[in-house]
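Okay, so here's the structure we're looking at.
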Amino acid sequence: MSANLKDTILKELIDELEKDKLVLPSLPEVALKVRDTVDDADSSAKELAKVISTDAALSARLIQISNSPLLRGAKQIESVDMAVTRMGRAMVKNCVNSILVQQMFQPTTDVTDKLFREFWEHSTTVAAISQALAAFAKQKPDQAMLAGLVHDIGALPIIKRAEDMPELLKDEAVLRDVISELHTRIGTKLLSKWDFPAEIVAVAREHEDIKRNKGGAPDLVDVVIAANLQSYFGKSHPHAKVQWKDVPAFARLGLDTEVSVIDMDETGESIKEMQAALKV
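Structure follows, in C-alpha cells:
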C-alpha cells in the first residue's frame, strides 16, 4: 500500500512540477526590498533599517537577535537602526531570510509541525556549520550561511502540500520518502523563482550528490555537502555512516576528515550561538 501511495504522490507532484502547476510561494515584498537595499552599494544602514521597520514582527525579531549571545555587546539594542549597525548588512539579509521562511510556512497539523521543526533544526545547524567551514575553506562565510539555510528549502512546499492530502499525512514514512526524492528538484525551482544567485540555486540542486567532484575551484556546493554530512555526526541517519575521506568535497575544501568542526572548542561554540540566533 505504501509503495503504491508513494508512486501515486510522486507522479502527481512531478507532473505538477513539470507543467508549472505546483504552487510555490512568492518571496515576501519586504524580503525583496531588504535584498535590493543590501545589494545597493549606495544605500545606507539607515535606509536598510527603514525598510525593515515596515514589518513589525521582523523588526522585533532582529532586535532580539542583535541582543543574543552571538552578538554580545555592552549596550542593549532597542531600535532597528542599532540592530542593523551591530549585525552588519550581510547578516541582516541572512536573518531576514531565516525569519521570513519561518513566517511563510506555518504548519497546521501535528505531523507537518513535527517535520517543519526537524527541517528548521537541521537547516539552521547546516547554515551555522557552513559559515564556520567557509572560514577554513576561504569561501564567503555569509554566503555559505545562506546556502546552508536554504539547501533543503524544497522540502517545505511538500510539507505544506501534505496538509491537503490526508492519505499522505497518515503515512509519515511515505511523506519522508517523497521529501527525500523531490526536495532537490523543488528547491531548485523555488530558489530560481525567488531569483537567488545561481551558486545558491546549485546548492539546492546538488547538495545530495556526495560523490560530486566538479573541476575548478571549490564552491558553495562543496561547503554545504561537507556541512550537511558533519551535521549528522554521531546521529542515527544514513549520512552519519558516510566516510568523509571518500567524499570529494572535503578534499576540495582542504578539510581534515579526521576532525569535526562541531567538536572544535571555539568553533563548536560559535556554531551553537549562530544556530541559536537563526532559530530566534
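Quick note on this note's numbering: the sequence shown kicks off at -16 and runs consecutively. From the three backbone atoms N, C-alpha and C, an ideal C-beta is built for every residue, glycine too.
The alpha carbon of Leu116 has as its nearest neighbour, out of Ser214, Lys4, Glu(-5), the alpha carbon of Ser214. The three-state reading of DSSP puts Asp25 in coil, since its state is none of H, G, I, E or B.
For Ala259, same chain residues with a beta-carbon under 8 Å away, outside a window of 5 residues either side, are Ser51, Pro52, Leu53 in chain order. Sequence-distant Cβ neighbours of Leu0 in its own chain, meaning closer than 7 Å and more than five residues away, are Arg168, Ile169, Lys172. Taking a cut-off of 8 Å on C-beta distances, the stretch 123 to 134 does not touch the stretch 148 to 156, as fewer than three cross pairs fall below it.
Under the three-state reduction of DSSP, Ser81 is assigned to helix.
Of all alpha-carbon atoms in Lys218, Thr92, Met128, Gly137, the one lying nearest the alpha-carbon of Phe102 is that of Gly137. Closest in alpha carbon position to Met257, among Val67, Ser106, Asp22, is Ser106. The C-beta distance from Pro201 to Ala120 rounds to 6 Å, short enough to fall under 8 Å. In the three-state reduction of the DSSP assignment, Trp103 falls in the helix class. In this structure, Ile46 keeps its C-beta atom at 8 Å or more from the C-beta atom of Cys78. 8 Å or more divides the Cβ of Val84 from the Cβ of Leu31. If you look at Ala39, you'll find it in the alpha helix (DSSP H) that goes 39 to 49. Inclusion of Lys194 and Pro231 in the CB contact set at 8 Å is warranted, their separation being smaller than that value.
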